[in-house]
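Read in order, the letters of the sequence shown are residues 0 to 329 in numbering that gives the first Met the number 0.
Think of the CB as a built atom: it goes at the ideal place given N, C-alpha and C, for glycine as much as any other residue.
Computed from a predicted model, the values in this text were never measured in an experiment.
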Amino acid sequence: MKHKPSTSRRDFLRKAGLAAVGAIGAPMILPSTVFARNGMITPGSKITMACIGIGNMGTYNMNAFLQKQDVQIVAVCDVDAQRLEEGRAAVDKHYGTKGCAVYSDFRELLMRTDLDAVSIATPDHWHALLAVAAMKAGLDVYGEKPLGFSIPEGRAIVDATERYGAIWQTGSWQRSEKNFRSACELVRNGRIGTVHSVRVGLPDGFSINDNGGYHVTAPPPGFDYDMWLGPAPKTPYIPNRCHWNFRWISDYGGGQLTDWAGHHCDIAQWGMGTELTAPVEIEGVAEYTNVADGLFDTPTKYAFTCRYAEGFTMIVADRTKQPKGMGVQF
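As structure tokens, then:
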């Protein structure tokens, strides 16, 4: 039987989180006294965590979790041996020990019986498979946005949280920022009157990292390219296909649109109180630019209008098409 710390803290968070999903319309704040008497963290109350994906955001998230007194990172997982070693070294240095385990295959990691949660920060096409597998293993999940690679995959993640009773948090960190929260509270409480339209400005184009060119070659030693591809179509290894640049390739990501919609479109929906609904109609256009002989094939410019049954429209476009550029305008 899987071991879970027998603390009232985790039980409280689970119950409070589940109640908040259906009953709380505004953001919820828990006082620090909820977590432990006098704010102290006892050893048995620590959340035992593993980090899957030690790239750009994965490293950022891992370092953030390392700063939490109620979290203990015990393992890291990545298909790139160099990043895996960097992650292990960072964890061991922080704790002053040599106890961080390493895994190149997430399936071996999920066989552990001492984990409470995982942080997932991989290319988008892996999000749903990893998340569902982790929740099936009895773990709670902090997952990077976008939620899934497609609408059905996002639905599968939501269904899995209900099926396995897991706690899920998407890495839409703007919800934790005071300015975003204050703005949404004003809108939701009618302080700016009735809102008929919302404008959302997102980035355009690509920001490409040069990882070694566009030629077909063998994967570098220590990089499990087949595992990196996972459920995606089998294609030759090209250095600039993978780290960071995957988001500009439709087999693995959705470009700036899906990279940023999880931030600004989420804030727009939060402010309008429509997190649990969806548009009834969407109409839009997109432009594509031939970059690297078609390797990068996600939209570079785009604009679409979402109409909601609640009686408002959301106009989403790249920043060149919005009067105020990037951000959310109610």
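Start and end residues, beta strand (DSSP E) containing residue i
{"i": "residue 301", "result": "300-306"}
{"i": "residue 76", "result": "70-76"}
{"i": "residue 328", "result": "326-328"}
{"i": "residue 281", "result": "280-286"}
{"i": "residue 49", "result": "46-51"}
Cβ distance (whole Å) where residue i is taken to contact residue j below 8 Å
{"i": "residue 227", "j": "residue 241", "result": "6 Å"}
{"i": "residue 116", "j": "residue 46", "result": "6 Å"}
{"i": "residue 60", "j": "residue 141", "result": "7 Å"}
{"i": "residue 222", "j": "residue 78", "result": "7 Å"}
{"i": "residue 326", "j": "residue 263", "result": "7 Å"}
{"i": "residue 329", "j": "residue 270", "result": "6 Å"}
{"i": "residue 297", "j": "residue 247", "result": "5 Å"}
{"i": "residue 119", "j": "residue 51", "result": "5 Å"}
{"i": "residue 179", "j": "residue 266", "result": "5 Å"}
{"i": "residue 307", "j": "residue 279", "result": "7 Å"}
Buried versus exposed, by CB contacts within 10 Å (16 or more), residue i
{"i": "residue 268", "result": "buried"}
{"i": "residue 319", "result": "exposed"}
{"i": "residue 185", "result": "exposed"}
{"i": "residue 284", "result": "exposed"}
{"i": "residue 255", "result": "buried"}
{"i": "residue 48", "result": "buried"}
{"i": "residue 113", "result": "exposed"}
{"i": "residue 196", "result": "exposed"}
{"i": "residue 144", "result": "buried"}
{"i": "residue 193", "result": "exposed"}
{"i": "residue 90", "result": "buried"}
{"i": "residue 215", "result": "exposed"}
{"i": "residue 74", "result": "buried"}
{"i": "residue 281", "result": "exposed"}
{"i": "residue 322", "result": "exposed"}
{"i": "residue 104", "result": "exposed"}
{"i": "residue 108", "result": "buried"}
{"i": "residue 154", "result": "exposed"}
{"i": "residue 58", "result": "buried"}
{"i": "residue 299", "result": "buried"}
{"i": "residue 309", "result": "exposed"}
{"i": "residue 206", "result": "exposed"}
{"i": "residue 324", "result": "exposed"}
{"i": "residue 225", "result": "exposed"}
{"i": "residue 150", "result": "exposed"}
{"i": "residue 158", "result": "exposed"}
{"i": "residue 275", "result": "exposed"}
{"i": "residue 95", "result": "exposed"}
Terminal residues of the alpha helix (DSSP H) in which residue i lies
{"i": "residue 313", "result": "Looking at the DSSP string, residue 313 is not in any alpha helix (DSSP H); the run it does join, the beta strand (DSSP E), is 312-317."}
{"i": "residue 271", "result": "254-271"}
{"i": "residue 160", "result": "150-163"}
{"i": "residue 57", "result": "55-65"}
Proximity test, residue i beta-carbon vs the ligand MN heavy atom, cut-off 7 Å
{"i": "residue 190", "result": "Absence of the ligand MN is noted for the structure shown, with no ligands found whatsoever."}
Is the segment 218-232 touching the segment 112-130 in the sense that three or more CB pairs, one from each, lie closer than 8 Å?
-> yes
Could you tell me whether the segment 189-206 touches the segment 312-322, where touching means 3 or more Cβ pairs closer than 8 Å?
-> yes
Runs of alpha helix (DSSP H) lying entirely within the segment 160-241, each at least 4 residues, in chain order | 177-187 and 224-228
Is there contact between the segment 207-222 and the segment 171-184, where contact requires at least three CB pairs shorter than 8 Å?
-> no
Evaluate contact between the segment 87-102 and the segment 128-136, counting only Cβ atoms and requiring at least three cross-stretch pairs below 8 Å.
-> no
Quick one: which unbroken alpha helix (DSSP H) runs of 4-plus residues sit fully inside the segment 82-150? Chain order, please.
-> 105-108 and 126-135
Pairing CB atoms from the segment 154-170 with CB atoms from the segment 131-140, are three or more of them under 8 Å?
-> yes
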